[in-house]
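What follows is one structure encoded as structure tokens, with my remarks underneath.
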Amino acid sequence: MGSKLKKGDFVIVISGKDKGKMGKILRVIPEKNRVIVEKVNLHYSHERANPQKGIQGGRLEKELPVHISNVMYYCTNCEKGVRVKIRVLADGRKARICGSCGKELD
Ligand SMILES: [Zn+2]
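Printed below as a string of structure tokens:
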């Protein structure tokens, strides 16, 4: 099953420890069916300062990928996570629409 989600999409997390969190997709990793979502699945690490390399040190946060089945497109019209459907337009172009209200998403 190919994902219909793209970089920049606004999604909501529907399961796991970050359930209910929303954020923008920063990166899609299609071969792993995963996405990296802004401020979701954060992993903290402590970095030692290294001025020569321009590293400030301190607590760093980094988003780890989440499986695509754990997020849904957030439709601002429906105000919930929705399934994305593809509609083929008269001129042959494909448009993504909200599977719930039919709003065009792109
Ligand atoms: Zn909708």
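Residue 27 in my numbering sits at position 43 of the sequence shown, with consecutive numbering throughout.
Think of the CB as a built atom: it goes at the ideal place given N, C-alpha and C, for glycine as much as any other residue.
In this text, all values refer to a predicted model and were calculated from it rather than measured experimentally.
With distances taken from CA atoms, which of Glu31, Arg11 and Gly42 is nearest Val24?
-> Arg11
When you compare only the Cα positions, how much space is there between Gly42 and Ala33?
-> 7 Å
Cβ atoms of Ser(-13) and Ile81: under 8 Å apart, would you say?
-> no
Please classify Gly52: does DSSP put it in a helix, a strand, or coil?
-> For the record, residue 52 in the displayed sequence is Ile; it is not Gly. Note: Ile52 maps to helix in three-state DSSP.
Got a sec? Which residues, its chain only, sit under 6 Å from Ser84 by beta carbon, not counting five neighbours each side?
-> Cys62 and Val66
Taking Arg32 as part of the beta strand (DSSP E), name the residues at either end of that continuous run.
-> It is not in any beta strand (DSSP E) - Arg32 carries neither H nor E in the DSSP assignment.
Can you tell me the Cα-Cα spacing of Ile(-2) and Asn17, whole angstroms?
-> 16 Å
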